[in-house]
Structures are given as C-alpha cells and as structure tokens.
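Numbering (my numbering), first residue to last: 4 to 272. To start, the structure itself, in structure tokens.
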C-alpha cells in the first residue's frame, strides 16, 4: 500500500482525504500538511490523519499530491526539490500548471501526473481529468485513477487538452450555479417564494443531470426535444434564450476560461 501525502488541506485537499478514507484507505497511510495550526488540528480530530511538516511529508510519502494555490507552487517546489526522491510520484491538482514546470524544478526522471478536478469532489461527484508528464507511465496513471475514483469519475486526456478541460469541467460547476441562481431569481419574479423556487430548480437540475448520465436517452438534444411540445411553454422559453444568444454566450465564456488557463500556465514558463 502506498503512503500518500496531501500538500495543502483546503476544500479539495480535504475532500480527497475524506474520499480516500471512505474508499477504505488506512489513516496510517495518509499524511497532510497545513500551515494554519487550528485547521490542522481540526482535520486531525475529524479524520484521524497525521499532520506533518512539508519536509516530513516529502521524506515519508510514495505519492505526493500537491493541492496548493498556483501562486504558491514555485516556492513550495524549491523547498521540496532537495528532499524528493525521483521515484516519488507527484500529482498536481493545481489549475493551469503544466507538468514541465514540476519537471524543471524536481530531480530528473520524477514522474508527474497533472489533474484537473472540480468542486463536486466535496460530495464525491468530481469529474477529474488526468494527464501524464514526460516520466509518468501506465502504472502511475492507473494509481492516480484509483485514488481519484474514490471521489468521482476520472478520464485520461492529453496534456494539450488540459486548458480546455479546465474551462469545461473545472469551471463548469460555476456555470451551472450561475444558471440555477438566475432561474431561482426568475421564480421570485414570478411570485414564488425563494425557498420554494430553490427546491424546484435544484431538484430539476439533479433530475436532469441524472437523466443525462443514467437515462437510456442521454443525448441532450433528444431530452430537450422530449420536453418541447409544439406551441408549448418550453419552446416559448427556448426562443427567448436563442433570441438573447445564450448558447453563443456560453461557448464564448468557456473559450475565455480556456484562454485564461493558458495565461496562468504561461506565467510559469
């Protein structure tokens, strides 16, 4: 069994630790780092996982999962590099950061796997995309798939697609939250109490997502057409969405998010 250290215990780091425990990992095989003592004590009490300093995490772990903010990565790697064995698998959960950034700063031959998760990891419903660096092989990818499957679904993509993945599934939950927020506001405008409007829209979103994922007719066009009766209410609403260019706006928004991900990565070249 591999020993795993999570560097950074924010929401994503904590969610991964929690998922690994629920998947049956022994707490003794897990470590985490956290610079705020109160937060570290809280997580140790909650999960029974040992909090350690970064140098101890690097020396003791077979798998090092980096879950810090992108702006903190370079000083972190500078401190980690002298201590890290080249056989240690480094898993990056930092948005926009290419594997070559790690490979330049760590010992030659260090395997690196880049991951783009998303925030539904906190409820075990993440969509994570993984990409191998220059020195990561099939066994490294399989290990990362096994770890991340404890908190959702996993797909492999070429690293050249990771900026697009960041825009689609990494930022994707925010777009859904934005739409749900707007639909709840519409319910209020139409005279429905906020709490009732929220119940109506959130459950509709959950049901629609389940139909897309688990239903026999999972294509969005087929499902939309099934609700869109001739001269009915749904087509009247869709006409307004098309009139206001909502489809094009979503496409443009995702493209803009991709471009921003490219910019963030370029800042570390």
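Note that the Cβ used here is the ideal one computed from N, Cα and C, for glycine as well.
At a Cβ-Cβ threshold of 7 Å, residue 271 and residue 104 count as neighbours. Membership of residue 133 in the beta strand (DSSP E) is indicated by the continuous run 129-135.
Residue 77 counts as exposed, since fewer than 16 other C-beta atoms from the protein chains shown sit within 10 angstroms of its C-beta. Burial is judged here by how many other beta carbons sit within 10 angstroms of a residue's own beta carbon; residue 147 has at least 16 and is buried. Exclusion of the five residues before and after residue 155 leaves 123, 124, 127, 128, 129, 130 and 131 as the residues of its chain whose Cβ lies within less than 7 Å of its Cβ.
Counting the other Cβ atoms within 10 Å of the Cβ of residue 9 gives 16 or more, which makes it buried. In the structure shown, the three-state DSSP call for residue 160 is coil.
Distance from the CA atom of residue 253 to the CA atom of residue 221, rounded to whole angstroms, is 21 Å. A direct Cα-Cα distance of roughly 16 Å separates residue 16 from residue 61. DSSP places residue 216 in the uninterrupted alpha helix (DSSP H) bounded by 197-217. The segment 13-32 and the segment 159-179 do not touch, with fewer than three beta-carbon pairs separated by less than 8 Å.
A distance below 6 Å between beta-carbons, with the five flanking residues on each side excluded, links residue 261 to the following residues of its chain, in chain order: 166, 167 and 170.
With the rule of 3 Cβ pairs closer than 8 Å, the segment 35-50 does not count as touching the segment 95-104.
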